[in-house]
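One structure is given below, encoded as structure tokens.
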Amino acid sequence: MILVHQLTKRFTLPGGASLLAVQRLSFRVQPGEVYGLLGPNGAGKTTTLRMLLGLLRPTSGEAAIAGFGTTLHPDEVKRRVGYVSANAGLYPGLTVREMLLFFADLYAVPDEQAHRELDRLTHMLGLRDILDRRCANLSTGQRQRVTLARALVHRPPVMLLDEPTLGLDVMGSQMIIEYIELLRREGKAVILTTHHLDDAERLCTRFGLMHLGELVSEGTLAELCERTGCGNLIDMFLKLSKTGPALGTSDEGRGAR
Numbered sequence: 011m012i013l014v015h016q017l018t019k020r021f022t023l024p025g026g027a028s029l030l031a032v033q034r035l036s037f038r039v040q041p042g043e044v045y046g047l048l049g050p051n052g053a054g055k056t057t058t059l060r061m062l063l064g065l066l067r068p069t070s071g072e073a074a075i076a077g078f079g080t081t082l083h084p085d086e087v088k089r090r091v092g093y094v095s096a097n098a099g100l101y102p103g104l105t106v107r108e109m110l111l112f113f114a115d116l117y118a119v120p121d122e123q124a125h126r127e128l129d130r131l132t133h134m135l136g137l138r139d140i141l142d143r144r145c146a147n148l149s150t151g152q153r154q155r156v157t158l159a160r161a162l163v164h165r166p167p168v169m170l171l172d173e174p175t176l177g178l179d180v181m182g183s184q185m186i187i188e189y190i191e192l193l194r195r196e197g198k199a200v201i202l203t204t205h206h207l208d209d210a211e212r213l214c215t216r217f218g219l220m221h222l223g224e225l226v227s228e229g230t231l232a233e234l235c236e237r238t239g240c241g242n243l244i245d246m247f248l249k250l251s252k253t254g255p256a257l258g259t260s261d262e263g264r265g266a267r
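For the sequence shown, this note's numbering gives the first residue as 11, with consecutive numbering after it.
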């Protein structure tokens, strides 16, 4: 469902210098998987998601969503992807109802189906009391729930979630977590970036750990623990900050790398 092969992005900086933000990144995500794309700030996670969305053109390599290349067929990709980001904007002058129906129309969802989806998402995400409230007057938690509903209104098979619980209180975070679990049960292919590592351990079926644009280790939590000699993701991050790419092997086997 999501295929990434040797994806690389280099940015040109003022003065002729360049920044290699993502280098030779390869992974795949199948339906029903939540893939945790994790790493410290500056690892290249958001740049990767923007390339998957077709918002950034890769310097080299390729990515595909449901068989459509993100560079050659960006419109087809957008129809099949829902994107949630803590920094995603909402139109402040629209009500929540108007916002969701507007995006349904952008995705060419038939009117009757759009209203069914509005009812479904209103019930599932607890939006009934704010449907006729302008987006400018929403709290942080309410905005994030509306952002999630906006990403789901066209029933995409793929979800890209970039720090979806950032800035939320405990109850708001729990609601988003429960909905991500539902997305997995519904068979969607999900990529999740988060710094809440306990949530990642609970939600993700596999992980890709990034450092300075590279994928340094990949696998299930059990596989990563065995490979790195760490007992949990927090220990892996602490080790990653010290060893970088050498995280991919245990202390005993690192000399062979």
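Using N, Cα and C, we set each Cβ at its ideal position, and we do this for glycine too. Since the structure is predicted, the reported quantities are computational estimates derived from the model, not experimental observations.
Strictly by DSSP, which residues pair up with residue i?
i	result
R216	Y45
D172	S95, T203
K19	V32
In its own chain, which residues sit with a C-beta less than 8 Å from the C-beta of residue i, not counting the 5 before and 5 after it?
i	result
L178	T150, G151, Q154, I186
Closest to residue i by C-alpha separation, out of the options, would be which residue?
i	options	result
D115	V94, H164, A98	H164
F21	R67, L48, R38	R67
L170	G241, L248, V91	V91
L248	L23, P50, A73	P50
R143	R130, L100, M11, T175	L100
P174	I140, N147, D209	D209
Can you say whether residue i is buried or exposed, counting buried as having 16 or more other CB atoms within 10 angstroms of its CB?
i	result
V9	In the structure as shown, the chain starts at 11 and stops at 267, and residue 9 therefore has no counterpart that could be examined.
Y45	buried
V180	exposed
E233	exposed
Y93	buried
Between which residues of its own chain and residue i is the CB-CB distance below 7 Å, once the five residues before and five after are set aside?
i	result
E191	L213
K19	A31, V32, T57, M61, L66, P68, T69
Express the C-alpha separation of residue j and residue i in angstroms, rounding to a whole number.
i	j	result
L30	L222	8 Å
G239	A124	49 Å
K268	L13	In the structure as shown, the chain starts at 11 and stops at 267, and residue 268 therefore has no counterpart that could be examined.
Q16	P84	19 Å
A199	L47	13 Å
L243	E188	21 Å
G52	G26	21 Å
Ordered along the chain, which non-local residues of its own chain (more than five positions away) have a Cβ less than 6 Å from that of residue i?
i	result
V87	G64, I75, F78, T80
T230	R216
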